[in-house]
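Everything below concerns the one structure shown next.
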Amino acid sequence: MSNDHYQAKPLKICLIAGENSGDMLGEKLMTALNKISNTPIQFSGIGGERMKKQGLDSFFPISDLSIMGISEILPYIPRLLSRIKETTIKITSGKPDAVVTIDSPGFSLRVASKLKRSNPDTRLIHYVAPSVWAWKQWRAKRMSRYLDRVLTLFQFESQYFDAVGIDSVFVGHPILQSGAMRGDGIGFRTNNGIPPDIKLICILPGSRLVEVTKHLPIIEHTLDLLSKKCPVFEVVLPLVDNVATRVKSVVQKWPYKITFTEGKDTSKYNAFAASDVALACSGTVALELALADIPYVTIYKMSLFSSIVARSFVRLKYVNLINILLNKEVVPELILEKCKPHLILPNLMKALTDREFRSEQRKYFKVALD
385 MSNDHYQAKP
395 LKICLIAGEN
405 SGDMLGEKLM
415 TALNKISNTP
425 IQFSGIGGER
435 MKKQGLDSFF
445 PISDLSIMGI
455 SEILPYIPRL
465 LSRIKETTIK
475 ITSGKPDAVV
485 TIDSPGFSLR
495 VASKLKRSNP
505 DTRLIHYVAP
515 SVWAWKQWRA
525 KRMSRYLDRV
535 LTLFQFESQY
545 FDAVGIDSVF
555 VGHPILQSGA
565 MRGDGIGFRT
575 NNGIPPDIKL
585 ICILPGSRLV
595 EVTKHLPIIE
605 HTLDLLSKKC
615 PVFEVVLPLV
625 DNVATRVKSV
635 VQKWPYKITF
645 TEGKDTSKYN
655 AFAASDVALA
665 CSGTVALELA
675 LADIPYVTIY
685 KMSLFSSIVA
695 RSFVRLKYVN
705 LINILLNKEV
715 VPELILEKCK
725 PHLILPNLMK
735 ALTDREFRSE
745 QRKYFKVALD
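Laid out in structure tokens, this is it:
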């Protein structure tokens, strides 16, 4: 048969992402795979808008999986179990050449475990190492039963997988090539009518519905307290697709001028560059803000029951990625029972007005990211 009539068999790759940060990683992975592959690739699995724009055929909306916390997840257990079963069946019937689960270990590793039991020849790769260094070592040992490879974002993580015989590869964090450090703050202020001398507070309440539901009232109360010490300021809020409608409906009632950003990451990074300080939910944004060189404070609130369970199982000194990398609290962490407006305020004020603190935090950003 001539080459004109020959058509290469498509490579079938299944990608499973369960939240916004995984959708971002999945998008970049799909882009890279398409660039290096000599054959067409068919992508199926679970992903958000970013991955769908790259050609992913998603089994169901990614928002179905965006849940965090023990008590928060309890009402959704029947639906999640159903989605795990549905995902496993669809992957099995699709017979992909490889399955790549991206972060969201509570969901994706359960899918991987079921797949390995029912289809032992399935090639299973997990992208973003679960925090085995925060949990007991048994978690890594359990993963060795069903994962073929783990792709790690941080170099120190590989040792935990090597110890239990899992093939691990350090691939680095794509956020480091995101352009977060190249935002146009002056242009952002000019385009949005924000005077250069106005204090601009960037708020990042999270990417899950349960996160924004818990954090927005706390942030509003914190801003109310801030207004008594700093009467003139404005707010910028980069929106995340899957919670944008909910966030807008809540904050538009606040008595502050708020500028929203949506869509491309460049808009978010311009907002970062324009901001004087950020108040951010714990997560990937920790690295983005550090790259943007913006002083900030980390917050995270869970239900009391989830907090108790987390403290029982997790052996982690810090939750912020910068603090974890440095083994030092450079970014103030107001989490769990400390996530209260009157405790957040003095830390936010320090990050906003204390020159020595701001300079010190920025110095450590560079050390952590080096």
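Quick note on numbering: our numbering labels position 61 of the sequence shown as 445, and the sequence is numbered without any gaps.
Don't be surprised by glycine CBs; every beta carbon is placed ideally from N, CA and C.
Every value quoted in this text rests on a predicted model; they were computed, and no experiment measured them.
Going by DSSP, E717 is part of the beta strand (DSSP E) stretching over 717 to 719. Taking K734 as the centre and dropping the five residues before and after it, the same chain places the C-beta of F741 closer than 6 Å to its C-beta, in chain order. If you look at I582, you'll find it isn't in any alpha helix (DSSP H); DSSP assigns it neither H nor E. Taking a cut-off of 8 Å on C-beta distances, the segment 439 to 448 touches the segment 397 to 416, as three or more cross pairs fall below it. With the rule of 3 Cβ pairs closer than 8 Å, the segment 469 to 478 counts as touching the segment 497 to 505. Within the segment 546 to 576, complete beta strand (DSSP E) segments of at least 3 residues are found at 551 to 554, given in chain order.
With a threshold of 16 other beta carbon atoms within 10 Å, A547 falls short and is exposed. For G429, the pairing in a beta bridge is given by DSSP as L399, S442. A straight-line Cα-Cα distance of about 42 Å links K632 and D532. Secondary structure note for R533: its beta strand (DSSP E) is the uninterrupted segment 533 to 536. Listed in chain order, the non-local C-beta contacts of V555 below 6 Å within the same chain comprise L535, local neighbours out to five positions each way being set aside. If you ignore the 5 residues before and after T415, its C-beta comes within less than 7 Å of the C-beta of Q438, all in its own chain and listed in chain order. Spanning the alpha carbons of L736 and R494 requires a straight line of approximately 43 Å. If you look at P462, you'll find it in the alpha helix (DSSP H) that goes 461 to 478. Between L709 and A392, the alpha-carbon positions lie close to 44 Å from each other. DSSP places L607 in the uninterrupted alpha helix (DSSP H) bounded by 593 to 613. Nearest Cα to T606 within the set V594, E595, I585: I585. For T506, no beta strand (DSSP E) encloses it, and the DSSP letter there is neither H nor E.
Straight-line measurement puts the Cα of K747 at about 23 Å from the Cα of L729. Nearest to D407 by alpha-carbon distance, out of I461, S542, I559, L609, is I559.
Within the segment 617 to 693, the complete alpha helix (DSSP H) runs of at least 4 residues fall at 628 to 635, 649 to 658, 669 to 676. Comparing alpha carbon positions, the residue from T668, A664, D481 closest to V681 is A664. For A752, the enclosing alpha helix (DSSP H) covers residues 739 to 753.
Under a 10 Å Cβ-count criterion, H726 is classified as exposed, with fewer than 16 other Cβ atoms of the shown protein chains found around its own Cβ. For V512, the secondary structure class from DSSP, reduced to helix, strand or coil, is coil.
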